[in-house]
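A short worksheet on the structure shown next.
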Amino acid sequence: MEPVVLGVILKLETQGWSGAPPLLPKEPVKSDETKDGRRTFFYDLSPKDQDLSVTDACLRIYSRLERMLSSPAALPKGEYASRLTLELGVLADRDREAFGYAWPLEFLATLVDLNIELAVTHYLPKPDEENGKVTSADFWD
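Per this note's numbering: the sequence shown = residues 454 to 594.
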């Protein structure tokens with residue numbers, strides 16, 4: 454089995470943000486706030502197609518990120534600090550000795566241009582007694 458993408462989350466961490474969550478272009482699916490004024494917004498960018506390879510998923514995501522974040526209205530100017538992290542959940546076969554995948558150059562260039570950090574979590578599941586499947590819902594746990 455080639456590694457596949459379970460889910461993609463864009464995480465926007467802010468310090469000093471006030472007001473409603475940014476629409477990128479939709480509302481965040483989740484948000485957290487700490488006592489020290491730090492707010493984190495989570496946006497689900499998971500492709501609708503399931504079982505996409507890492508390369509195919511990245512090729513679909515990079516232009517979406519460009520459109521979302523290149524607009525001046527995406528993150529309005531103000532007195533706050535922010536950090537963007539793109540988190541990918543990748544499912545791979547535990548029984549293989551090794552696995553690999555390639556990051557498309559366009560995807561990496563977009564992350565650099567938009568100052569987005571990349572985090573990857575690898576899931577190497579042991580088959581479930583009942584059905585032996587792992588789904589994108591497992592990415593949120």
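From the three backbone atoms N, C-alpha and C, an ideal C-beta is built for every residue, glycine too.
Exercise. Does DSSP classify VAL461 as helix, strand or coil?
Worked result: Sequence index remark: in the sequence shown, residue 461 carries index 8 (1-based). Of the three classes helix, strand and coil, the one that applies to VAL461 here is strand, per DSSP.
For this session: State the Cα-Cα distance for the pair PRO529 and ASP546, rounded to the nearest angstrom.
Result: In the sequence shown, the residue the question calls residue 529 occupies position 76. In the sequence shown, the residue the question calls residue 546 occupies position 93. PRO529 and ASP546: Cα-Cα distance of roughly 42 Å.
Exercise. Curious, which full-length beta strand (DSSP E) runs of at least 3 residues does the segment 526-565 contain?
Worked result: DSSP runs (the beta strand (DSSP E)) wholly in the segment 526-565: 534-544.
Problem set entry | GLU455 to LYS488 span [Cα, whole Å] | Along the sequence shown, one-based indexing puts residue 455 at 2. Along the sequence shown, one-based indexing puts residue 488 at 35. GLU455 and LYS488 have their C-alpha atoms some 43 Å from each other.
Exercise. What residue does the beta strand (DSSP E) around VAL573 start on, and which one ends it?
Worked result: Mapped onto the sequence shown, residue 573 falls at position 120. Counted as a single uninterrupted DSSP element, the beta strand (DSSP E) harbouring VAL573 occupies residues 569-576.
Exercise. How about the segment 569-580 and the segment 478-496: do they share at least three Cβ pairs that are nearer than 8 Å?
Worked result: no
Problem set entry | Span separating the alpha-carbon of SER499 from that of LEU477 | Stepping through the sequence shown from its first residue, residue 499 is reached at position 46. Stepping through the sequence shown from its first residue, residue 477 is reached at position 24. Whole-angstrom Cα-Cα distance: 14 Å.
Exercise. How about VAL461 and ALA510: do their beta carbons lie closer than 8 Å?
Worked result: Position 8 of the sequence shown, counted from the start, is the residue given in the question as residue 461. Position 57 of the sequence shown, counted from the start, is the residue given in the question as residue 510. Taking 8 Å as the Cβ cut-off, VAL461 and ALA510 qualify as a contacting pair.
Exercise. Between the segment 502-522 and the segment 554-568, do at least 3 Cβ pairs fall closer than 8 Å?
Worked result: yes
Problem set entry | Inter-residue Cα distance where the pair is SER506 and GLU480 | Taking the sequence shown and counting its residues from 1, one reaches residue 506 at position 53. Taking the sequence shown and counting its residues from 1, one reaches residue 480 at position 27. Each residue's Cα considered, the two are about 27 Å apart.
Problem set entry | Range covered by the beta strand (DSSP E) that runs through GLU486 | Mapped onto the sequence shown, residue 486 falls at position 33. Its beta strand (DSSP E) spans residues 483-486.
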